[in-house]
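So the structure is just underneath, and the comments pick up after that.
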Amino acid sequence: MPSSIDTIDTPALIVDVDRLEGNIARWAAFAREAGVKLRPHGKTHKCVEIARRQVSAGAVGLTLAKIGEAEVMARAGVRDIFLAYEVIGGPKLPRLISLAREIRLRVGVDSADGAGALARAAQGAGITLDVLIEVDTGLGRCGVRPGEALAALAQDVARLAGLRIAGIFTYRGYRSDLEAAGREEGEVMVREADRLRRAGIEIEEVSVGSTPTGRSAGRVGGVTEIRPGTYVFNDAMQVRWGSATPEECALVVLARVISRPSRDVAVLDAGSKALTAEHGPYSSRGESHGVIRGYPDCQIDRLWEEHGRVQLTTEARRLRVGDLVEIIPSHVCPTVNLAERLVCVRQGRVVETWAVAARAQVQ
1 MPSSIDTIDT PALIVDVDRL EGNIARWAAF AREAGVKLRP HGKTHKCVEI
51 ARRQVSAGAV GLTLAKIGEA EVMARAGVRD IFLAYEVIGG PKLPRLISLA
101 REIRLRVGVD SADGAGALAR AAQGAGITLD VLIEVDTGLG RCGVRPGEAL
151 AALAQDVARL AGLRIAGIFT YRGYRSDLEA AGREEGEVMV READRLRRAG
201 IEIEEVSVGS TPTGRSAGRV GGVTEIRPGT YVFNDAMQVR WGSATPEECA
251 LVVLARVISR PSRDVAVLDA GSKALTAEHG PYSSRGESHG VIRGYPDCQI
301 DRLWEEHGRV QLTTEARRLR VGDLVEIIPS HVCPTVNLAE RLVCVRQGRV
351 VETWAVAARA QVQ
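If you count by full-length UniProt numbering, then the sequence shown holds residues 1 to 363, one letter each, in order.
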(Lines of atoms letter the chains of each structure in order from A and count residues from 1; the text may use other names and numbers.)
(Lines give C-alpha, C1' and ligand atoms only; values in the text may rest on other atoms or scores of the structure.)
Protein backbone atom coordinates (compact mmCIF):
# COMPACT_ATOMS: atom_id res chain seq x y z
CA MET A 1 0.00 0.00 0.00
CA PRO A 2 1.38 3.45 -0.88
CA SER A 3 2.37 5.61 2.07
CA SER A 4 1.61 9.12 0.79
CA ILE A 5 -0.42 10.77 -1.93
CA ASP A 6 2.55 11.30 -4.22
CA THR A 7 3.20 7.54 -4.31
CA ILE A 8 -0.34 6.58 -5.36
CA ASP A 9 -0.77 5.25 -8.88
CA THR A 10 -3.13 7.32 -11.00
CA PRO A 11 -5.92 7.84 -11.71
CA ALA A 12 -7.34 7.05 -8.27
CA LEU A 13 -10.14 8.19 -5.97
CA ILE A 14 -8.79 9.73 -2.79
CA VAL A 15 -10.94 10.17 0.32
CA ASP A 16 -9.89 12.58 3.04
CA VAL A 17 -11.24 10.67 6.02
CA ASP A 18 -11.18 13.67 8.35
CA ARG A 19 -13.36 15.67 5.95
CA LEU A 20 -15.64 12.68 5.39
CA GLU A 21 -16.18 12.18 9.11
CA GLY A 22 -16.78 15.90 9.56
CA ASN A 23 -19.50 15.83 6.89
CA ILE A 24 -21.13 12.80 8.50
CA ALA A 25 -21.06 14.43 11.93
CA ARG A 26 -22.52 17.74 10.72
CA TRP A 27 -25.55 16.15 9.08
CA ALA A 28 -26.12 13.80 12.01
CA ALA A 29 -26.08 16.82 14.34
CA PHE A 30 -28.51 18.68 12.10
CA ALA A 31 -30.97 15.76 12.09
CA ARG A 32 -30.84 15.52 15.88
CA GLU A 33 -31.43 19.26 16.29
CA ALA A 34 -34.28 19.29 13.74
CA GLY A 35 -35.91 16.22 15.31
CA VAL A 36 -35.95 14.21 12.08
CA LYS A 37 -34.56 10.81 11.15
CA LEU A 38 -31.51 10.73 8.92
CA ARG A 39 -31.60 8.01 6.28
CA PRO A 40 -28.70 8.80 3.91
CA HIS A 41 -28.66 7.58 0.34
CA GLY A 42 -25.92 5.00 -0.05
CA LYS A 43 -25.77 5.25 -3.84
CA THR A 44 -23.25 8.06 -3.40
CA HIS A 45 -20.54 6.02 -1.71
CA LYS A 46 -21.58 2.36 -2.27
CA CYS A 47 -19.10 1.55 0.50
CA VAL A 48 -19.68 -0.60 3.59
CA GLU A 49 -17.17 1.26 5.76
CA ILE A 50 -18.89 4.59 5.11
CA ALA A 51 -22.36 3.12 5.70
CA ARG A 52 -21.20 1.84 9.07
CA ARG A 53 -19.87 5.26 10.01
CA GLN A 54 -23.20 6.87 9.07
CA VAL A 55 -25.20 4.43 11.19
CA SER A 56 -22.77 4.77 14.11
CA ALA A 57 -23.23 8.55 13.93
CA GLY A 58 -27.00 8.23 14.25
CA ALA A 59 -28.50 7.36 10.86
CA VAL A 60 -31.54 5.08 11.26
CA GLY A 61 -30.53 3.08 8.21
CA LEU A 62 -29.85 3.61 4.54
CA THR A 63 -31.69 4.68 1.45
CA LEU A 64 -30.74 2.75 -1.69
CA ALA A 65 -32.06 2.42 -5.22
CA LYS A 66 -31.32 -1.08 -6.44
CA ILE A 67 -31.87 -4.50 -4.87
CA GLY A 68 -28.24 -5.39 -5.55
CA GLU A 69 -27.08 -2.42 -3.49
CA ALA A 70 -29.40 -3.44 -0.66
CA GLU A 71 -28.14 -7.02 -0.75
CA VAL A 72 -24.55 -5.82 -0.37
CA MET A 73 -25.39 -3.56 2.56
CA ALA A 74 -27.60 -6.15 4.27
CA ARG A 75 -24.78 -8.70 4.13
CA ALA A 76 -22.56 -6.08 5.76
CA GLY A 77 -24.98 -5.69 8.68
CA VAL A 78 -27.25 -2.78 7.73
CA ARG A 79 -30.63 -3.89 9.08
CA ASP A 80 -32.93 -1.03 8.01
CA ILE A 81 -33.15 -0.10 4.32
CA PHE A 82 -35.53 1.96 2.21
CA LEU A 83 -35.46 1.23 -1.53
CA ALA A 84 -36.48 4.63 -2.87
CA TYR A 85 -37.22 3.13 -6.24
CA GLU A 86 -40.04 1.35 -8.02
CA VAL A 87 -39.15 -2.36 -8.06
CA ILE A 88 -40.65 -3.59 -11.33
CA GLY A 89 -40.00 -6.90 -13.06
CA GLY A 90 -40.62 -10.54 -12.16
CA PRO A 91 -36.95 -11.56 -11.69
CA LYS A 92 -36.51 -8.88 -9.01
CA LEU A 93 -39.41 -9.91 -6.80
CA PRO A 94 -38.00 -13.16 -5.32
CA ARG A 95 -34.84 -11.26 -4.34
CA LEU A 96 -36.94 -8.51 -2.80
CA ILE A 97 -38.97 -10.99 -0.76
CA SER A 98 -35.82 -12.77 0.40
CA LEU A 99 -34.36 -9.45 1.53
CA ALA A 100 -37.57 -8.49 3.32
CA ARG A 101 -37.34 -11.70 5.38
CA GLU A 102 -33.85 -10.71 6.59
CA ILE A 103 -34.08 -6.99 7.37
CA ARG A 104 -36.54 -4.15 7.91
CA LEU A 105 -37.25 -3.20 4.31
CA ARG A 106 -39.45 -0.50 2.80
CA VAL A 107 -40.06 -0.03 -0.93
CA GLY A 108 -41.21 2.83 -3.12
CA VAL A 109 -44.31 2.61 -5.34
CA ASP A 110 -45.95 5.06 -7.74
CA SER A 111 -48.50 2.99 -9.66
CA ALA A 112 -51.35 0.58 -9.02
CA ASP A 113 -49.73 -1.93 -11.39
CA GLY A 114 -46.41 -1.86 -9.54
CA ALA A 115 -48.10 -2.04 -6.15
CA GLY A 116 -50.25 -4.94 -7.33
CA ALA A 117 -47.22 -6.98 -8.37
CA LEU A 118 -45.58 -6.34 -4.99
CA ALA A 119 -48.76 -7.32 -3.19
CA ARG A 120 -49.06 -10.62 -5.06
CA ALA A 121 -45.43 -11.47 -4.32
CA ALA A 122 -45.83 -10.60 -0.64
CA GLN A 123 -49.05 -12.59 -0.32
CA GLY A 124 -47.45 -15.59 -1.98
CA ALA A 125 -44.62 -15.44 0.53
CA GLY A 126 -46.94 -14.92 3.49
CA ILE A 127 -45.45 -11.55 4.48
CA THR A 128 -46.51 -7.90 4.55
CA LEU A 129 -44.34 -5.36 2.73
CA ASP A 130 -44.11 -1.76 3.87
CA VAL A 131 -44.34 0.71 0.99
CA LEU A 132 -43.97 4.45 0.63
CA ILE A 133 -45.80 6.19 -2.19
CA GLU A 134 -43.60 8.46 -4.28
CA VAL A 135 -44.86 12.00 -4.84
CA ASP A 136 -43.65 14.16 -7.73
CA THR A 137 -43.06 17.58 -6.19
CA GLY A 138 -41.57 19.10 -9.32
CA LEU A 139 -38.73 16.95 -10.68
CA GLY A 140 -40.89 15.31 -13.35
CA ARG A 141 -39.38 11.85 -12.96
CA CYS A 142 -41.16 9.11 -11.00
CA GLY A 143 -44.00 9.72 -8.58
CA VAL A 144 -47.62 10.81 -8.72
CA ARG A 145 -48.70 14.41 -8.54
CA PRO A 146 -50.02 15.81 -5.25
CA GLY A 147 -53.76 16.02 -4.84
CA GLU A 148 -56.24 13.74 -6.57
CA ALA A 149 -53.68 11.47 -8.24
CA LEU A 150 -51.93 10.75 -4.94
CA ALA A 151 -55.21 10.26 -3.07
CA ALA A 152 -56.49 7.81 -5.70
CA LEU A 153 -53.30 5.75 -5.69
CA ALA A 154 -53.20 5.68 -1.89
CA GLN A 155 -56.75 4.30 -1.78
CA ASP A 156 -55.83 1.64 -4.36
CA VAL A 157 -52.73 0.57 -2.41
CA ALA A 158 -54.58 0.59 0.91
CA ARG A 159 -56.96 -2.05 -0.44
CA LEU A 160 -54.16 -4.47 -1.36
CA ALA A 161 -53.55 -7.39 0.98
CA GLY A 162 -49.84 -7.97 1.46
CA LEU A 163 -48.91 -4.27 1.54
CA ARG A 164 -48.95 -1.64 4.27
CA ILE A 165 -48.64 2.05 3.45
CA ALA A 166 -45.86 3.33 5.69
CA GLY A 167 -45.77 6.85 4.31
CA ILE A 168 -44.93 9.09 1.37
CA PHE A 169 -41.61 10.25 -0.06
CA THR A 170 -40.26 12.62 -2.66
CA TYR A 171 -37.09 13.77 -4.35
CA ARG A 172 -37.38 17.38 -5.44
CA GLY A 173 -33.93 17.92 -6.89
CA TYR A 174 -32.16 21.26 -7.33
CA ARG A 175 -33.70 24.67 -7.84
CA SER A 176 -31.96 28.03 -7.80
CA ASP A 177 -33.26 29.09 -4.36
CA LEU A 178 -32.37 26.10 -2.19
CA GLU A 179 -33.95 27.45 0.98
CA ALA A 180 -37.27 28.13 -0.70
CA ALA A 181 -37.18 24.89 -2.69
CA GLY A 182 -36.58 22.77 0.38
CA ARG A 183 -39.20 24.57 2.44
CA GLU A 184 -41.77 24.18 -0.35
CA GLU A 185 -40.86 20.49 -0.73
CA GLY A 186 -41.46 19.87 2.96
CA GLU A 187 -44.66 21.91 3.11
CA VAL A 188 -46.20 20.14 0.10
CA MET A 189 -45.43 16.74 1.58
CA VAL A 190 -46.78 17.59 5.04
CA ARG A 191 -49.95 18.98 3.48
CA GLU A 192 -50.44 15.83 1.41
CA ALA A 193 -49.80 13.58 4.40
CA ASP A 194 -52.44 15.44 6.39
CA ARG A 195 -54.90 15.15 3.51
CA LEU A 196 -54.39 11.38 3.33
CA ARG A 197 -54.82 11.03 7.08
CA ARG A 198 -58.15 12.89 6.90
CA ALA A 199 -59.18 10.35 4.25
CA GLY A 200 -58.48 7.54 6.72
CA ILE A 201 -55.05 6.45 5.47
CA GLU A 202 -52.43 6.20 8.19
CA ILE A 203 -49.22 8.01 7.22
CA GLU A 204 -46.28 7.35 9.49
CA GLU A 205 -43.37 8.61 7.39
CA VAL A 206 -43.00 11.88 5.52
CA SER A 207 -39.63 11.42 3.85
CA VAL A 208 -37.99 14.26 1.92
CA GLY A 209 -34.80 15.96 1.05
CA SER A 210 -31.52 15.67 -0.72
CA THR A 211 -28.17 17.27 0.00
CA PRO A 212 -29.21 20.64 -1.47
CA THR A 213 -32.72 20.72 0.05
CA GLY A 214 -32.44 18.46 3.09
CA ARG A 215 -31.75 21.13 5.68
CA SER A 216 -34.56 23.49 4.73
CA ALA A 217 -37.04 20.65 4.10
CA GLY A 218 -36.04 18.98 7.36
CA ARG A 219 -36.98 22.07 9.38
CA VAL A 220 -40.60 21.93 8.24
CA GLY A 221 -42.85 20.70 11.04
CA GLY A 222 -44.40 17.34 10.17
CA VAL A 223 -41.46 16.09 8.12
CA THR A 224 -40.14 12.91 9.77
CA GLU A 225 -37.13 11.89 7.65
CA ILE A 226 -34.45 13.32 5.35
CA ARG A 227 -32.43 11.41 2.74
CA PRO A 228 -29.31 13.33 1.65
CA GLY A 229 -26.61 11.34 -0.13
CA THR A 230 -23.90 13.48 -1.71
CA TYR A 231 -23.05 15.20 1.60
CA VAL A 232 -20.58 12.50 2.61
CA PHE A 233 -18.20 13.58 -0.18
CA ASN A 234 -19.75 16.68 -1.81
CA ASP A 235 -18.68 17.70 -5.31
CA ALA A 236 -18.38 20.62 -7.72
CA MET A 237 -22.12 20.59 -8.28
CA GLN A 238 -22.88 21.05 -4.58
CA VAL A 239 -20.29 23.81 -4.29
CA ARG A 240 -21.80 25.59 -7.29
CA TRP A 241 -25.28 25.35 -5.75
CA GLY A 242 -24.07 26.64 -2.39
CA SER A 243 -24.89 23.52 -0.38
CA ALA A 244 -21.20 22.79 0.35
CA THR A 245 -17.84 24.54 0.40
CA PRO A 246 -14.67 23.40 -1.39
CA GLU A 247 -13.24 22.57 2.04
CA GLU A 248 -16.10 20.12 2.63
CA CYS A 249 -15.29 18.14 -0.52
CA ALA A 250 -13.91 14.88 0.87
CA LEU A 251 -13.24 13.02 -2.39
CA VAL A 252 -10.98 13.93 -5.29
CA VAL A 253 -9.82 12.17 -8.41
CA LEU A 254 -6.03 12.10 -8.32
CA ALA A 255 -4.63 12.43 -11.84
CA ARG A 256 -1.26 13.01 -13.46
CA VAL A 257 -0.22 15.29 -16.30
CA ILE A 258 0.95 13.02 -19.13
CA SER A 259 1.30 15.58 -21.93
CA ARG A 260 1.70 19.32 -22.50
CA PRO A 261 0.88 19.66 -26.21
CA SER A 262 0.77 23.47 -26.05
CA ARG A 263 1.27 26.35 -23.65
CA ASP A 264 -2.42 26.48 -22.75
CA VAL A 265 -3.27 22.77 -22.73
CA ALA A 266 -2.44 19.86 -20.44
CA VAL A 267 -3.58 16.27 -20.86
CA LEU A 268 -4.32 14.11 -17.82
CA ASP A 269 -4.42 10.34 -17.39
CA ALA A 270 -8.02 10.61 -16.10
CA GLY A 271 -10.62 10.29 -18.82
CA SER A 272 -14.19 9.02 -18.91
CA LYS A 273 -13.16 5.80 -17.15
CA ALA A 274 -12.17 7.83 -14.08
CA LEU A 275 -14.32 10.98 -14.25
CA THR A 276 -18.03 11.11 -14.93
CA ALA A 277 -18.99 12.45 -18.34
CA GLU A 278 -21.35 14.88 -16.60
CA HIS A 279 -20.19 18.48 -16.72
CA GLY A 280 -21.41 21.89 -15.69
CA PRO A 281 -20.50 25.57 -15.34
CA TYR A 282 -17.81 24.92 -12.77
CA SER A 283 -15.06 26.98 -14.43
CA SER A 284 -15.02 30.68 -15.22
CA ARG A 285 -14.10 29.60 -18.76
CA GLY A 286 -17.21 27.48 -19.27
CA GLU A 287 -18.38 23.89 -18.93
CA SER A 288 -15.98 21.60 -17.05
CA HIS A 289 -15.88 17.99 -15.87
CA GLY A 290 -14.67 19.08 -12.45
CA VAL A 291 -12.59 21.60 -10.53
CA ILE A 292 -8.82 21.27 -10.14
CA ARG A 293 -7.73 22.16 -6.61
CA GLY A 294 -5.40 25.12 -6.69
CA TYR A 295 -6.45 25.99 -10.24
CA PRO A 296 -10.23 26.51 -10.02
CA ASP A 297 -10.44 28.53 -13.25
CA CYS A 298 -8.97 25.79 -15.40
CA GLN A 299 -11.46 24.02 -17.64
CA ILE A 300 -11.51 20.24 -18.07
CA ASP A 301 -13.25 20.65 -21.40
CA ARG A 302 -13.08 17.20 -22.98
CA LEU A 303 -12.78 13.56 -21.92
CA TRP A 304 -11.76 10.56 -23.92
CA GLU A 305 -11.68 7.11 -22.33
CA GLU A 306 -8.09 7.44 -21.06
CA HIS A 307 -7.45 11.17 -21.46
CA GLY A 308 -8.74 14.40 -19.98
CA ARG A 309 -7.93 17.70 -21.66
CA VAL A 310 -7.44 20.82 -19.55
CA GLN A 311 -7.52 24.39 -20.80
CA LEU A 312 -5.00 26.14 -18.58
CA THR A 313 -5.06 29.58 -17.01
CA THR A 314 -1.89 31.65 -16.78
CA GLU A 315 -1.00 30.37 -13.31
CA ALA A 316 -1.60 26.75 -14.30
CA ARG A 317 0.89 26.92 -17.15
CA ARG A 318 3.51 25.96 -14.58
CA LEU A 319 2.17 22.38 -14.65
CA ARG A 320 4.69 19.94 -16.10
CA VAL A 321 4.54 16.38 -17.33
CA GLY A 322 4.44 14.11 -14.27
CA ASP A 323 2.77 16.61 -11.95
CA LEU A 324 -0.20 15.45 -9.87
CA VAL A 325 -3.52 17.29 -9.73
CA GLU A 326 -6.55 16.75 -7.51
CA ILE A 327 -9.93 17.08 -9.22
CA ILE A 328 -13.20 17.68 -7.38
CA PRO A 329 -15.56 15.79 -9.71
CA SER A 330 -18.60 17.45 -11.21
CA HIS A 331 -20.92 14.74 -9.84
CA VAL A 332 -19.43 12.39 -7.30
CA CYS A 333 -22.04 9.59 -7.34
CA PRO A 334 -21.36 8.27 -10.86
CA THR A 335 -17.65 8.96 -10.40
CA VAL A 336 -17.49 6.54 -7.44
CA ASN A 337 -19.32 3.93 -9.51
CA LEU A 338 -16.35 3.91 -11.91
CA ALA A 339 -13.87 2.82 -9.23
CA GLU A 340 -13.24 -0.45 -7.44
CA ARG A 341 -11.65 1.08 -4.36
CA LEU A 342 -11.19 4.29 -2.43
CA VAL A 343 -7.74 5.27 -1.15
CA CYS A 344 -8.18 6.80 2.31
CA VAL A 345 -5.85 9.47 3.64
CA ARG A 346 -5.40 11.47 6.82
CA GLN A 347 -3.14 14.49 6.80
CA GLY A 348 -1.78 13.44 3.42
CA ARG A 349 -0.82 9.95 4.59
CA VAL A 350 -2.50 6.82 3.23
CA VAL A 351 -4.16 4.91 6.06
CA GLU A 352 -6.20 2.20 4.28
CA THR A 353 -8.26 1.35 1.21
CA TRP A 354 -12.00 0.67 1.08
CA ALA A 355 -13.80 -1.41 -1.51
CA VAL A 356 -16.64 0.18 -3.47
CA ALA A 357 -18.61 -2.93 -2.62
CA ALA A 358 -21.93 -1.96 -4.25
CA ARG A 359 -20.32 -0.71 -7.46
CA ALA A 360 -22.15 -1.66 -10.66
CA GLN A 361 -25.15 -3.07 -8.76
CA VAL A 362 -27.65 -1.88 -11.34
CA GLN A 363 -30.26 -4.63 -10.94
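Every residue, glycine too, gets a C-beta built ideally from N, C-alpha and C.
Please return the same chain residues whose Cβ sits closer than 6 angstroms to the Cβ of residue i, not counting the five positions on each side in sequence.
i	result
Ile300	Ser288, His289, Gly290, Gly308, Val310
Ile203	Gly167, Ala193, Leu196, Arg197
Val265	none
Glu306	Gly271
Please name the residue in the options whose C-alpha comes closest to that of residue i.
i	options	result
Glu187	Thr276, Thr137, Val131	Thr137
Asn234	Arg302, Lys92, Ile226, Pro212	Pro212
Val220	Val265, Ser207, Ala199	Ser207
Ile215	Ala100, Ile327, Glu184, Glu205	The sequence as given places Arg at residue 215; Ile does not occur at that position. The candidate whose alpha carbon is nearest that of Arg215 is Glu184.
Val17	Gln361, Ala357, Gln347	Gln347
Ala339	Leu62, Pro91, Ala31, Leu251	Leu251
Gly209	Ala199, Gly222, Arg227	Arg227
Ala112	Ile103, Met73, Ile165	Ile165
Arg101	Leu129, Ala76, Pro91, Asp110	Leu129
Thr353	Gly182, Arg341, Arg19, Arg172	Arg341
residue 429	Pro246, Ala31, Gly68, Leu163	What is shown of the chain runs 1 to 363, which leaves residue 429 out entirely.
Thr276	Asn337, Arg240, Ser259, Gln155	Asn337
Ala295	Ala115, Tyr282, Asp177	Here residue 295 turns out to be Tyr, not Ala, going by the sequence shown. The candidate whose alpha carbon is nearest that of Tyr295 is Tyr282.
Val362	Leu64, Ala181, Arg159	Leu64
Thr245	Arg19, Arg172, Cys298	Arg19
Thr170	Leu132, Gly147, Leu160	Leu132
Val109	Ile103, Ile97, Glu69, Leu153	Leu153
Gly114	Ala274, Gly90, Ala355, Arg32	Gly90
Leu160	Ala181, Ile201, Ala34, Thr224	Ile201
Gly124	Ile97, Glu69, Ala70	Ile97
Ile328	Pro261, Gly286, Arg318, Arg240	Arg240
residue 450	Ala29, Ile67, Ala34	Given that the chain is displayed from residue 1 to residue 363, the structure contains no residue 450 and the question cannot be resolved.
Which stretch, first to last residue, makes up the beta strand (DSSP E) that contains residue i?
i	result
Thr353	349-355
Pro281	280-283
Asp16	12-16
Val291	290-292
Arg164	163-169
For residue i, collect the residues of the same chain with a Cβ closer than 7 angstroms to its Cβ; drop the 5 residues on either side in sequence, then sort them by chain order.
i	result
Ile24	Arg53, Gln54, Ala57, Val232
Val60	Lys37, Leu38, Arg39, Asp80
Thr230	Thr44, Thr211, Gln238, Val332, Cys333
Ile258	Val267, Leu268, Asp269, Val321
Arg32	Gly58
Can you tell me which residues form a DSSP beta bridge with residue i?
i	result
Gln311	Val265, Gln299
Gly108	Glu86, Leu132
Ile226	Leu38, Val208
Ile67	Paired residue(s): none; Ile67 is not in a bridge.
Ser4	Arg349
Glu326	Leu254
Ser259	Val267
Val343	Ile14, Thr353
Excluding the five sequence neighbours on either side, which residues of its own chain have a C-beta within less than 8 angstroms of the C-beta of residue i, listed in chain order?
i	result
Trp304	Gly271, Ser272
Ile8	Pro2, Ile14, Leu254, Val343, Val350
Leu93	Val87, Ala117, Leu118, Ala121
Thr10	Leu254, Ala255, Arg256, Asp269, Ala270, Leu324
Ala76	Val48, Ala51, Arg52, Ala357
Ala360	Asn337
Arg317	Arg263, Asp264
Ala74	Ile81, Leu99, Glu102, Ile103
Start and end of the alpha helix (DSSP H) containing residue i?
i	result
residue 375	It is not possible to answer for residue 375, since the shown part of the chain is limited to 1 through 363.
Ile203	Segment: none, Ile203 is in no alpha helix (DSSP H) and carries neither H nor E.
Trp241	236-241
Ile127	Segment: none, Ile127 is in no alpha helix (DSSP H) and carries neither H nor E.
Arg95	92-102
Gln54	48-56
Cys333	332-336
Ala158	148-158
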